[in-house]
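Notes follow once the structure below has been shown.
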Amino acid sequence: SASDAKAAADAANATRQVRGLMNRMGESNVASIVVEIAGLAGKLPRRSIGDACTGEILRALVEGPRASEQYASALAAFVAGVSGELGPEVGARFGAVVVSSLAEARAAGRARPAANLV
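To convert, note that position 15 of the sequence shown is 8 in my numbering; the numbers rise steadily by one, no gaps.
Okay, here's the thing in structure tokens:
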């Protein structure tokens, strides 16, 4: 349907924009990235933005190299900031997806993704 096509387009657009912003994220600019992400919510649905943030964080943790404590701290600040800007449901959905992903990684014996998710 037309609404499904629009939702898919919104999700793809959100993912592309969030990925670009998160690729620039470092410990010193988390707050400015959060502000830019919050600005996207004026153009795209909040759920699409929140889901894109969750997806990009998980992709980085599961597919990327071992996460440093510094990187984990920046991501935690990012999740807190985005949840504060977009609403607590973003943090709740993020937590639910992390728990599910951790269970999957452990069940499959994938140590690095499991360690990164913890």
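Note that beta-carbon positions come from the ideal geometry of N, C-alpha and C, so glycine has one too.
| request: Measure the CB-CB distance between Ala67 and Glu20 and report whether it falls below 8 angstroms. | output: On the sequence shown, residue 67 is found 74 positions in, with the first residue counted as 1. On the sequence shown, residue 20 is found 27 positions in, with the first residue counted as 1. In contact: Ala67 and Glu20 (Cβ atoms closer than 8 angstroms).
| task | For the alpha helix (DSSP H) holding Ala31, just list the boundary residues, first then last. | result | To locate residue 31, count along the sequence shown from 1; it is residue 38. Where Ala31 is concerned, the enclosing alpha helix (DSSP H) stretches over 23 to 33.
| Arg17 - DSSP class collapsed to helix/strand/coil | Numbered from 1 along the sequence shown, position 24 holds the residue referred to as residue 17. Three-state DSSP puts Arg17 in coil, outside helix and strand.
| How long is the line joining the alpha carbons of Arg99 and Lys(-1), rounded to whole angstroms? | Residue mapping note: residue 99 aligns to position 106 of the sequence shown, counting from 1. Residue mapping note: residue -1 aligns to position 6 of the sequence shown, counting from 1. One C-alpha to the other measures close to 35 angstroms.
| field | As assigned by DSSP and simplified to three states, the class of Pro38 | value | Position 45 of the sequence shown, counted from the first residue, corresponds to residue 38. Coil, per DSSP.
| Can you tell which of Val11, Ile30, Ser41 has its C-alpha closest to the C-alpha of Glu49? | Position 56 of the sequence shown, counted from the start, is the residue given in the question as residue 49. If we check each option's Cα against that of Glu49, Val11 comes out closest.
| said: Considering only the alpha carbon of each residue, which of Ala69, Leu110, Asn109, Ala45 lies closest to Leu14? | reply: If you number the sequence shown from 1, residue 14 lands on position 21. Of Ala69, Leu110, Asn109, Ala45, the residue nearest in Cα terms is Ala45.
| Alpha carbon to alpha carbon, how far is Thr8 from Val55? | The sequence position of residue 8 within the sequence shown is 15, counting from 1. The sequence position of residue 55 within the sequence shown is 62, counting from 1. The alpha-carbon atoms of Thr8 and Val55 are separated by roughly 17 angstroms.
| said: Residues in the same chain with beta-carbon distance under 6 angstroms from Gly43, minus the five sequence neighbours each way, listed in chain order, please. | reply: Residue 43 sits at position 50 when you count from the first residue of the sequence shown. Cβ within range, chain order: Leu79, Val83.
| request: Could you spell out where the alpha helix (DSSP H) holding Ser76 opens and where it closes? | output: Position 83 of the sequence shown holds residue 76. Where Ser76 is concerned, the enclosing alpha helix (DSSP H) stretches over 62 to 79.
| said: Can you give me the C-alpha to C-alpha distance between Ala31 and Arg40, rounded to a whole angstrom? | reply: Position 38 of the sequence shown, counted from the first residue, corresponds to residue 31. Position 47 of the sequence shown, counted from the first residue, corresponds to residue 40. Looking at the two C-alpha atoms, the distance is approximately 12 angstroms.
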